[in-house]
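Read the structure below first, then the notes.
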Amino acid sequence: MTELTNLLDLDPAQLIAYCGELGEKPFRAKQLQRWIHQFGASDFDSMTDLAKSLRDKLKLHARISAPAVISDHTSSDGTRKWLLDVGQGNAVETVFIPEENRGTLCISTQAGCAVNCRFCSTGKQGFNRNLTVGEIIGQLWMAEFELRRTKGIEPGPKGERQITNVVMMGMGEPLLNFEPTVTALKLMLDDNAYGLSRRRVTVSTSGVVPMMDKLSQECPVALAVSVHASNDALRDGLVPLNKKYPLAELMAACRRYLEFAPRDFVTFEYCMLDGVNDTDAHAQELINLVMHGPEPVPCKFNLIPFNPFPESGLKRSNNGRIKAFAQILMDAGIVTTIRKTRGDDIDAACGQLAGEVQDRTRVQERMQKMAEYQQKFGKNFGRIVEVPR
Ligand code: SAH
Ligand code: SF4
Numbered sequence: 001m002t003e004l005t006n007l008l009d010l011d012p013a014q015l016i017a018y019c020g021e022l023g024e025k026p027f028r029a030k031q032l033q034r035w036i037h038q039f040g041a042s043d044f045d046s047m048t049d050l051a052k053s054l055r056d057k058l059k060l061h062a063r064i065s066a067p068a069v070i071s072d073h074t075s076s077d078g079t080r081k082w083l084l085d086v087g088q089g090n091a092v093e094t095v096f097i098p099e100e101n102r103g104t105l106c107i108s109t110q111a112g113c114a115v116n117c118r119f120c121s122t123g124k125q126g127f128n129r130n131l132t133v134g135e136i137i138g139q140l141w142m143a144e145f146e147l148r149r150t151k152g153i154e155p156g157p158k159g160e161r162q163i164t165n166v167v168m169m170g171m172g173e174p175l176l177n178f179e180p181t182v183t184a185l186k187l188m189l190d191d192n193a194y195g196l197s198r199r200r201v202t203v204s205t206s207g208v209v210p211m212m213d214k215l216s217q218e219c220p221v222a223l224a225v226s227v228h229a230s231n232d233a234l235r236d237g238l239v240p241l242n243k244k245y246p247l248a249e250l251m252a253a254c255r256r257y258l259e260f261a262p263r264d265f266v267t268f269e270y271c272m273l274d275g276v277n278d279t280d281a282h283a284q285e286l287i288n289l290v291m292h293g294p295e296p297v298p299c300k301f302n303l304i305p306f307n308p309f310p311e312s313g314l315k316r317s318n319n320g321r322i323k324a325f326a327q328i329l330m331d332a333g334i335v336t337t338i339r340k341t342r343g344d345d346i347d348a349a350c351g352q353l354a355g356e357v358q359d360r361t362r363v364q365e366r367m368q369k370m371a372e373y374q375q376k377f378g379k380n381f382g383r384i385v386e387v388p389r
């Protein structure tokens, strides 16, 4: 038997081509796409406005399936985290963060990551593999309709949308898995799929300069850049990719990106590491870099208190230091937010848990590790919320 085509892997044009192969007109692809991405359907029999003959053909040749859920935790404040099985002992995480007027989904693009940033446990795992389109968009598909099911909200365009924002800030470097990431982005933006605003979909990158240019041409969305350091010597040690694309090149790439971006600023992420990159002098150097350098960049800063993990050898800057650092940036006129790690009953912090569980062990062992991890760091470990200061 031939392998079934996972329809979650197909972008709008590919779905039209696929329907063409089945002898169907393009408008059928549009209908099918709405069933999949607006109604969350996985069962062809439920697609009542498709001819029975087409449904039968689809049943024979296609499937609609997202990665299987290994675990699903909801915190008392509504943050929900899924651990998803992407095969061969690899797991990735997807986190939903509800806020007053929006719901943000943080999704992964790779199992592991080759960039190997000093402070990131995903990087410490090494690179396992790129996620497929179906595995990337499948996170949004699964989460949106699972959230609706939980709340009793009907699927389809009439039901209240749960996910209004997507950030590619889970595991992996999205721009090193470029094509599948862009295809998934296009589905997120497509009116016959999720219809999200470009301004509400954010790609976060450690600074893969040529791919930033490519993204600006193929699918410009909001951009976050993980800068983490105010000079090259420091950044070389924290984000090894800096040796290839140093800060001056990165700043120039940000400038170029903004010519095509849906927003008029770049968000710089900055992981606050005690005694490493968090002094007043570092803040001043950053201001010089982004405001007075040869390539000033309209930007906002998002300071991320470091989420520790075993053997990192690094510590989180204390709150007073983070606030003082933010103040220096703000006094220079840069909008600065601090991402606050809030006490929680689940563990949903950046670049931590998945790194711990994402290995080649079996599900049972992974779950055991997860429990140990939660015990070790307690419930004050996890939820991430952005709070303006
Ligand atoms: N690879 C991309 C996107 C995923 S990481 C990138 O690096 O931008 C998303 C964000 O989480 C990045 O800014 C990253 O630097 C940050 N991060 C990773 N590990 C972290 C940790 N242990 N504590 C705090 N932030 C971390
Ligand atoms: Fe990869 Fe981002 Fe982690 Fe760096 S911070 S290792 S780029 S996932």
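Once you know that position 244 of the sequence shown is 244 in UniProt numbering, the rest is easy, because the numbers rise by one and skip nothing. Ideal Cβ placement from N, Cα and C applies to all residues, glycine included. Remember, predicted model here, so these are calculated numbers, not experimental data.
- The beta carbon of Arg-55 lies closer than 7 Å to those of Phe-44, Asp-45, Met-47 in the same chain, with the five residues before and after it left out.
- Just so you know, the alpha carbons of Thr-336 and Pro-246 end up roughly 23 Å apart.
- For Met-272, the beta-bridge partners assigned by DSSP are Pro-305.
- In this structure, the C-beta of Asn-277 stays at least 7 Å away from each heavy atom of the ligand SF4.
- Contact between Leu-8 and Gly-156 is absent: CB atoms are separated by about 18 Å, not below the 8 Å threshold.
- For Gly-123, same chain residues with a beta-carbon under 7 Å away, outside a window of 5 residues either side, are Cys-113, Val-115, Asn-116, Cys-117 in chain order.
- Around the beta carbon of His-292, a 10 Å sphere encloses fewer than 16 other beta carbons of the protein chains shown; the residue is thus reported as exposed.
- DSSP links Asp-72 through a beta bridge to Trp-82.
- As the crow flies, the alpha-carbon of Asp-72 is around 47 Å from that of Pro-294.
- Assigned with DSSP and collapsed to three states, Phe-145 falls in helix.
- For Glu-249, the uninterrupted alpha helix (DSSP H) segment begins and ends at 247 to 258.
- Rounded to whole angstroms, the separation of the alpha carbons of Cys-271 and Ala-224 is 13 Å.
- For the pair Thr-104 and Val-167, the CB atoms are nearer than the 8 Å cut-off.
- In the structure shown, Cys-19 adopts helical secondary structure according to DSSP, grouped into three states.
- Where Glu-99 is concerned, the enclosing beta strand (DSSP E) starts and stops at 91 to 99.
- Judged by beta-carbon spacing, Pro-67 lies within the 8 Å limit of Leu-84, meaning their Cβ atoms are closer than that value.
- Classified as buried, Asn-130 has 16 or more neighbouring CB atoms from the shown chains inside 10 Å of its CB.
- In the three-state reduction of the DSSP assignment, Leu-223 falls in the strand class, which pools E and B.
- By a beta-carbon distance limit of 8 Å, Ala-29 does not contact Leu-50. Their separation comes to about 11 Å.
- The criterion of a C-beta distance shorter than 8 Å is not satisfied by Leu-258 and Cys-219.
- About 4 Å separates the beta carbons of Leu-286 and Ser-230, which is inside the 8 Å limit, making them a contact pair.
- Of the residues Gly-23, Tyr-18, Phe-119, Ile-36, the one whose Cα lies closest to the Cα of Gly-237 is Phe-119.
- The residue from Ala-17, Val-208, Leu-196, Leu-10 with its alpha-carbon nearest to that of Ile-64 is Leu-10.
- In this structure, the alpha-carbon of Gly-170 lies about 33 Å from that of Cys-19.
- Judged by DSSP in its simplified three-state form, Leu-215 adopts helix.
- Around Ala-283, the same chain offers Phe-325, Ile-328, Leu-329 as residues with beta carbons nearer than 7 Å, after the five sequence neighbours per side are excluded.
- A direct Cα-Cα distance of roughly 41 Å separates Phe-145 from Val-290.
- The residue among Gly-78, Asn-192, Ile-153 with its C-alpha nearest the C-alpha of Glu-100 is Gly-78.
- Gln-110 is the residue among Met-251, Gln-110, Gln-139 whose C-alpha sits nearest the C-alpha of Gly-126.
- For Val-221, the Cβ stays outside the 7 Å cut-off from all heavy atoms of the ligand SF4.
- Exclusion of Phe-325 from the 7 Å shell around the ligand SAH follows from its C-beta lying no nearer than that to any non-hydrogen atom of the ligand.
- According to the DSSP assignment, Arg-321 belongs to the alpha helix (DSSP H) that extends over 319 to 331.
- Under the DSSP definition of a beta bridge, Arg-316 partners with Leu-273.
- For Thr-181, the secondary structure class from DSSP, reduced to helix, strand or coil, is helix.
- Among the bridge pairs identified by DSSP, Val-203 is matched with Met-168, Leu-223.
- Beta-bridge annotation (DSSP): Leu-105 is paired with Phe-96, Val-166.
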